[in-house]
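In what follows, a structure is listed as structure tokens, so that the remarks can point back to it.
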Amino acid sequence: MWVARALQWLIHESGMRFLARRKAAFAVAVLTMGLALGANTLAYSATRAFLFSSFGLPAADRLFVIAPVRELPGRGEVVFADAYPNYERIRATQRVFADVGCILQTVASWDHKGDAVPLQAARVTSSFFSTVRVSPVMGRAFTEQEEGPSPASVVVISHGLWRGPLAGDPAVVGRTLVINGSAHTVIGVMPAGFTHPLPRTEIWLPFDIQPQWRTAITGARTLTIYGRLKDGMSEAAAAPEADALTRQAIEASPNNRDFRTSFQSVRQVLLPGADRTLLFVQAAAVVLVILAISNLGSLLIAWGFERRQELAVRLAIGAGGGRIVRMLVLQSLVVVTAGGITGALLARLTLPAIRQFELSPALAIFIQRMKLDAGVLVWSALAVAAAGLVAGLVPAWFAGRVPLSDALRASARSSSLSPAAIRWQKAMVCVQAALSVVIVSAAALIAVSFRKLSEIPDGLSAQQRLVTRVQLPPDSYATHELRTGFATSLLESLERERDLVAFGFTSTLPVGDIPTGSQFFPEPPDAANTVEPLLFHFRRVSPTYLATMHIPLLRGRAIMPRDDASQPLVVILSQAAAERLWPKQDAIGKRLFRRAGNNPPQEVQVIGVAGNVMDAGYSAPPGEAAYMPFAQISVGQLSLVVESHQDAERTLAAVRRALRATDPTLAANNTVALAALVEQANALPRLQTVLLLVFATVASAMVILGSYGVMSQLVAAREREFALRLLFGAAPAGLGFSVLLGVARLSSAGVVIGSIAVLALNGVLQPFVFGIAPRSASVLLLVSAGVLALAAASALPPATRAMRLDPRKGVAAG
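This note's numbering applies: residue 543 is where the sequence shown begins, and numbers increase by one.
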């Protein structure tokens, strides 16, 4: 009974009968608020997932990655991995961290019931688990004595591996697993949900790296170093320590001179650029809500004009101004609440669509954490309440100030709204135009930037190509001869697979792999290291790799099977690298000197120049790459690329057969389509661009609705004036032109304000744009013209109404 009475009171007090008679306008208002509030809900959900997610790490805000950063041309400061000598020095000299540990991400093969099962693995120091403050729920972690060289054959496994393939074996601690061809004893099981480093680590092995990497810096930056702040130590107090570590690194090795030590949050490292993007999108969503509020406020003022007779009657029978205010605020809350519900439904429907984007593994896990939980819904409810109050108070304030005599006269003639209310409505048109210019300009700049990025040739062909990784166990493949023997046998096995059109391998791919750089010198470096080295993307490749990737050989010859360890070292340079070394000269036949670690420089002859490839890595500016034969300089990790016209399942089966024929203990790890890796490299800017374009579309729609509502009311309020002008000989076209001129003046003022705001936001927009200036005059002019055109289009129906006015009826109504 009380529910029915409450509903009846709400219908009466909020004027819902009036809303029911304005179904189209009500639906548009609800949809407008729904789009704005839905966008705000999604943005807040993403921001909340990013800022408040611990990624399975206790007190994640006190856990930092101690990372070197370097300024790269056109890319700003880029975070690098680090080298083992730097880790040892940091651990020995730092004063602000309670624990310091490091990891080396890798892959492994598990011999499970006769099948080689791929596993995502990490080699970690004994201090890693204490640094992240996570301990095994069963068994123990590693000891320092179990680390390499010659690490102990023990392993810590994930909770998922234990509960899944190992069937929750209660006696799993002490059980033997054959990993990379060697027996390893399980000593611990990690808690459920702990898979660090992301995306899905399944086993942790004692720390070990190749012997030459223990003293090398350049070319060996593959480690991630973690530090947890001491109790009572703040991030601000720890900042000077980074400068001290930078000075120590440069003093220890000249190879560190281009790097600055920094303390990066775990979130910044796992999702580089996401914090900046999320805050930008959240700010755009808030602006969109403000725009929607101004739009609704303007519409409510227009509705107040239409309800002047009802308001007059209510005032005449004793309703106070406070009741009128309450009625209009309730009316606003009804519209905004309906919009909030619509927005929540739209956000709920949009989340699965966002998850369909080709995302990097870490970003995909983050997106999966986005949800419309109680915290997000509470935020949405607060936003709805605030928007409803703000949108309703302005028209309610004006309506509450209308004297009774004016209201009674308004029932028969003229507007019940004061000139101040009309001025406020006009101000709303200016505000909407200004905010729209800001949002649409930002979206246009970022869309142009993304298009320019997309138009840069990748330099390779990704379609119909599958990528898989193979990790050669250091015990079984300890020598160069064993590694090259495996590579030769694998290529022969792949040759026998008829489902494969082409195949080849590289030490690192342009996308999807941790890149490796190497130092090259055009002349032999002196002992004092006074010559600045050139850092190129360095790839050890099979003779068939460039052809498989469709990377064109522009000049010279390809790598041949005869280019092995018995022959002089050779290299193919990318065009960008060759032009940097020898501008306006032919690079073929030139010599380079490559230095690896502390070894003497090796002379390398340039035999070819290949097309540029847009690397997603950080070791050098895009396109500067050096390809050397794997048979001359081998490593224990291969990224195999195969081209096939068959489906992915059949292609992978062919790769597995070839791998099994070569070495049955090895598994194909991290298998993925090459096209998906290319998509993932641009996932974050693409998602950002799509969201802002949607925001811009909504903002444009609000300009149309806002301008239409205001101009419709102004025309209705001036009907008697227009009728008199027509009776005295004014041309109908002139009246229509005056309406269009009025909206043009209001919108032009808003466009000018919005353009000034865009120019002032130059520093904010700079990190998000590429190939175009944030203060681009052409973009501002086009956006301004577009907003003005939309405003003019919205004023056409009121202008037509003014032109078709019957002067006699207009005068009689006045």
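By construction, the Cβ of each residue, glycine as well, lies at the ideal position given by its N, Cα and C atoms.
Answer yes or no: do residue i and residue j have a C-beta to C-beta separation smaller than 7 Å?
i, j, result
"L577", "V980", "no"
"T1058", "S1181", "no"
"M775", "V731", "no"
"N582", "V831", "yes"
"G690", "T667", "no"
"E1039", "A1196", "yes"
"R1228", "M1170", "no"
"D1205", "H1079", "no"
"R897", "L914", "no"
"R1097", "I1149", "no"
"Q1188", "D1041", "yes"
"A588", "M912", "yes"
"S1116", "G1178", "no"
"A1337", "S1249", "yes"
Measuring straight from C-alpha to C-alpha, what distance separates residue i and residue j?
i, j, result
"L1389", "L872", "As displayed, the chain neither begins before 543 nor continues past 1356, which places residue 1389 out of reach and without an answer."
"L765", "I645", "6 Å"
"I1101", "R1025", "18 Å"
"A781", "I608", "11 Å"
"N628", "F1135", "25 Å"
"A640", "V674", "11 Å"
"A548", "V570", "Its pLDDT being 48, under 50, A548 is placed unreliably by the model, and nothing is read from it."
"G1214", "V1293", "Reading off the sequence, residue 1214 comes out as Val, not Gly. In a straight line, the C-alpha of V1214 is about 48 Å away from that of V1293."
"G1153", "E1121", "12 Å"
"N798", "R789", "9 Å"
"V1321", "S983", "7 Å"
"P1339", "V1245", "15 Å"
"G1296", "E777", "38 Å"
"W966", "V823", "29 Å"
"V1220", "A1004", "8 Å"
"L771", "L1033", "49 Å"
"I1114", "A1107", "16 Å"
"M1253", "A1327", "19 Å"
"A1119", "R1133", "13 Å"
"R955", "T892", "Legend: pLDDT at R955 = 44, less than 50; position of this residue unreliable, value from coordinates given subsequently. Those two C-alpha atoms are separated by around 48 Å."
"L498", "P1274", "A query on residue 498 cannot be resolved here, the shown segment of the chain reaching from 543 to 1356 and no further."
"H654", "V1183", "26 Å"
Within 10 angstroms of its Cβ, does residue i collect 16 or more other Cβ (buried), or is it exposed?
i, result
"E630", "exposed"
"F1270", "exposed"
"K1126", "exposed"
"P712", "exposed"
"D657", "exposed"
"I729", "buried"
"Q1147", "exposed"
"E1261", "buried"
"K968", "buried"
"E686", "exposed"
"S692", "exposed"
"D624", "buried"
"D750", "buried"
"V920", "exposed"
"T1021", "exposed"
What does DSSP give as the partner residues of residue i in its beta bridges?
i, result
"P894", "Note: P894 sits in no beta bridge, so no partner."
"T727", "V696, T718"
"R770", "L605, D641"
"M1358", "Residue 1358 lies beyond the stretch modelled for the chain, which goes from 543 to 1356, so this question has no answer here."
"N1211", "R1011"
"E1185", "R1007, A1044"
Only counting the same chain, and skipping five residues up and downstream in sequence, which positions put a Cβ closer than 7 Å to that of residue i?
i, result
"E783", "Q636, R637, V638"
"L1235", "A985, A989"
"R1198", "A1210"
"D1105", "V1112, P1171, A1173, Q1174"
"L708", "V714"
"F779", "For the record, residue 779 in the displayed sequence is Ala; it is not Phe. So no residue of the chain qualifies."
Tell me which residues share the same chain as residue i and place their Cβ nearer than 8 Å to its Cβ, disregarding the 5 neighbours each side in the sequence.
i, result
"A725", "S695, T718, L719"
Please work out which residues of its chain come closer than 6 Å, Cβ to Cβ, to residue i, disregarding the five sequence neighbours upstream and downstream, and give them in chain order.
i, result
"E1044", "Here the sequence assigns Ala to residue 1044, which means Glu is not the residue at that position. Here the set comprises T1090, E1185."
"L1332", "S1242, V1245, I1246"
"G1278", "A1341, A1344, M1345"
"S978", "A1241, V1245, V1329"
"F1264", "L1277, A1344, L1347"
"A834", "T574, M575, A578"
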